[in-house]
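J.:
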Amino acid sequence: MAKVWAPSMMISIFLCLLFLTSCQGKTNYWDDEYPFIRYASSFSPPPSSSSPSASAGSPNVRGKGYDYIIVGGGTVGCPLAATLSQNFSVLLLERGGVPFANPNVTFLKNFHINLADISPTSASQFFYSSDGVYNARARVLGGGTCINAGFYTRPSARDIRLLNLDPKLVNESYPWIENQIVRMPKLSSWQGAVRDGLLDIGISPDNGFTYDHLYGTKVGGTIFDNYGRRRTAVELLRSANRENLDVLIHATVQKIVFDKTGKKPRAVGVVFKDETGKQHQAILSRRRGSEIIVSSGAIGSPHLLLLSGIGPKSDLKRMNIPVVHDNDFVGKGMADNPMNAVFVPFNRPVEQTLIQTVGITKMGVYLEASSGFGESTENISCNHGILSAEIGQLSTIPPKQRTKDAIEAYKRNKRNFPREVFNGGFILEKIASPKSTGQLSLSNTNVDDNPNVSFNYFSHPEDVQKCVEGIRLVEKLLASKHLTNYMPPDDETFEKLLNLSVRANFNFIPKHTNDTKSVEQFCKDTVITIWHYHGGCHVGKVVKPDYEVLGVHRLRVIDGSTFSHSPGTNPQATLLMMGRYMGVKILRQRLGRAAVL
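Using my numbering, the first residue of the sequence shown is number 5, and each one after it goes up by one.
1) Run the CB neighbour count on G154, radius 10 Å, all protein chains shown included, and call it buried at 16 or more, exposed below.
2) Which of helix, strand or coil does DSSP assign to E4?
3) In the DSSP assignment, find the beta strand (DSSP E) that holds L249 and state where it starts and stops.
4) Classify R187 as helix, strand or coil using the three-state DSSP reduction.
5) Check each candidate in Y231, V251 and D229 and name the one with the smallest Cα separation from V238.
6) Rounded C-beta distance between N106 and A127? I'm assuming under 8 Å.
7) On the DSSP bridge assignment, give the partners of Q258 in chain order.
8) For the 8 Å Cβ check, are there 3 or more pairs between the region 277 to 286 and the region 566 to 575?
9) Counting only runs of 3+ residues fully inside the region 187 to 252, write out the beta strand (DSSP E) ranges in chain order.
10) Would you give the residue range spanned by the alpha helix (DSSP H) that A161 belongs to?
11) Considering only residues of the same chain and omitting the five flanking positions on each side of L218, which have a CB-CB separation below 6 Å?
12) Considering only DSSP beta bridges, list what K515 is partnered with.
13) Pull up the distance between the alpha-carbon of G315 and that of G301, whole angstroms please.
14) Helix, strand or coil for Y138, going by three-state DSSP, please let me know.
15) For the alpha helix (DSSP H) that contains H116, what are its first and last residues?
16) So, helix, strand or coil for Q443, using DSSP?
17) For D319 and A271, what's the separation of their Cα atoms in angstroms?
18) Examine the Cβ distances between the region 431 to 439 and the region 320 to 332 and report whether three or more of them are shorter than 8 Å.
19) Can you tell me which of the three DSSP states A345 falls into?
20) What do you get for D452, buried or exposed, if any count of 16 or more other CB atoms within 10 angstroms of its CB means buried?
21) Strictly by DSSP, which residues pair up with N351?
22) Examine chain B for any beta-carbon lying closer than 8 Å to the beta-carbon of G224, and answer yes or no.
23) Start and end of the beta strand (DSSP E) containing M581?
24) Relative to the alpha-carbon of S160, which residue among E552, G368 and E372 has its alpha-carbon at the smallest distance?
25) Using a threshold of 7 Å, is the CB atom of K500 nearer than that to any non-hydrogen atom of the ligand SAH?
26) What residue range does the alpha helix (DSSP H) around K609 cover?
27) At the level of alpha carbons, what is the spacing between A598 and L249?
28) Helix, strand or coil for H486? Go by DSSP, reduced to three states.
29) Which residues in the same chain as D135 place their Cβ atom closer than 7 Å to its Cβ, once the five residues preceding and following it in sequence are excluded?
30) Would you report the Cα separation of F350 and E176, rounded to the nearest angstrom?
31) Which class does Q356 belong to by DSSP, given the choice of helix, strand or coil?
32) Would T87 and V588 be called neighbours here (beta carbons separated by less than 8 Å)?
33) So, using beta-carbon positions, are V478 and G428 closer together than 8 Å?
34) Going straight from the alpha carbon of V94 to that of G583, what length do you get?
35) Note down, in chain order, each residue of its chain lying with its Cβ closer than 6 Å to the Cβ of T533, except the 5 sequence neighbours on either side.
36) Classify E466 as helix, strand or coil using the three-state DSSP reduction.
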């Protein structure tokens, strides 16, 4: 009997064939749209300023170095590079590869597989905090926009004030992003039911579709199109001045290089390794205003500062790292918005959806929903080894525990999962501004290895109380007729749903017998992440209000590591905006009205 290919599989095969065909006769298949993206191994050091062959307009040949070196081609790095390139030479260094032709990145239906992929070439790099919670960080050009749930919503006016940003420039920056990669979602029936249920329980008013952060219930924007294809920050690079931009992929920056002959250390370049392991050095221009900008995310940025000699003196000396600037606050104040998920069994097949609807409460709790991931029988019976992508949450056995016995035990346990786990959705409850904080420190001096990270979830009693109130809201939501219509006809008590949720939950936190009796214990034992971690390079402690690093010259950090709280219900819009915002601000400060935007 002839094999019948699923439409999604045929689309994936077609895309791969299309890319293979398009790359014939070209260096890279993406050359037409992104001729400035190259492999790191193609990099050659720029000639000295005295070289007669130096030409500021030709790729990789910067007679006096680059005006800007940006470390991290992610949610902030891409719009920042595109903007700065309008007037200055920019080198953008990204440790991962390109997202093109990767179906796990491209298609919404593969969202969970993308996160569960722990291969060395995966777009996401797995890590777990000392709290016992699984997590992921982006490792691909486009950063978090390539692995997140796609939800786009602006922060509140209060968030903008706390970030000390100019509201006028903020509002000028959003449309530049939104007109290129954001759109209104096609609301699914399940997400519509969640919206109606949120309104039923008093999370009002109905704010309809809006990008704005408003109390009540709303439908936000998305970077997925109507066909479930992801738009990413990489597309913002199309707006760059191609003559001024070089983007290197698989370029892992190992440290920032400083000239320490002056009163303050001065950043002069970076050392990075390419995909073959060969080291290179990129240098900054000597022109006034040239800078290295670190946009490597809330894990990567403090990590790189520490590896470069900026951090607590005692910790650096213990790792035999020469001290450039002693700062006890690097890596401190790390926080992650704790999330708890309540499983909802369905009485029918429901399409796969990520976040579309959100309930924004005045108690500091947000309610969202997802559905339809991993319903097929194959997802239960197939050999996924140590992965548990079926429930839409990263669940991976840590490297030191990846034994053959552990893999076999996982496969056996998966067969015992309640069938309902593979046919349903989740109501997601998360804390807006957690007061619990942790820290980041070096595990070793290898940039490829994750640093030690703790978030200390629910160590502050106010966070626990907010979670309890949030779970009580979820209980009310699940009693709404709009949601009970989707659930099996038998009597599904809330305690039973909590029990299913505990059984479907994966983290290293020991479970207690009273998980479903005590909401407080349920919150603590089933906490997971929604990847909104932040901090480690706080304004006033590690960086100035303009994000210049304290104690050194010509170095900034611009990303979520500078946040004291995660803005809005989801930080994606703020981070994209900040890339554009800071690019425009820097150009205007250097050039005034002469800036080309």
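Just so it is clear, CB atoms sit at the ideal spot from N, CA and C, and this is done for glycine as well. If you're wondering where the values come from, they're calculated on a predicted model, not measured in any experiment.
T.: In short:
1) buried
2) Residue 4 cannot be examined here, being either before or after the span of the chain that is shown, 5 to 601.
3) L249 to I253
4) strand
5) V251
6) 6 Å
7) According to DSSP, which records beta bridges pairwise, Q258 is partnered with nothing at all.
8) no
9) 210 to 213 and 220 to 223
10) A161 to L166
11) N211
12) Answer by DSSP bridge pairing: none, since K515 is not bridged.
13) 17 Å
14) strand
15) F115 to A120
16) strand
17) 21 Å
18) no
19) strand
20) exposed
21) DSSP output for N351 lists no bridge partner at all.
22) Protein chain content of the structure displayed is limited to a single chain, and chain B is not contained in it.
23) Where M581 is concerned, there is no enclosing beta strand (DSSP E), although the alpha helix (DSSP H) it sits in stretches over Q576 to L595.
24) G368
25) Of ligands this structure carries none, so the ligand SAH is not represented either.
26) The question about residue 609 has no answer here: the residues shown for the chain are numbered 5 through 601.
27) 19 Å
28) helix
29) S458, F459, N460 and Y461
30) 43 Å
31) coil
32) yes
33) no
34) 14 Å
35) V137, N139 and D340
36) helix
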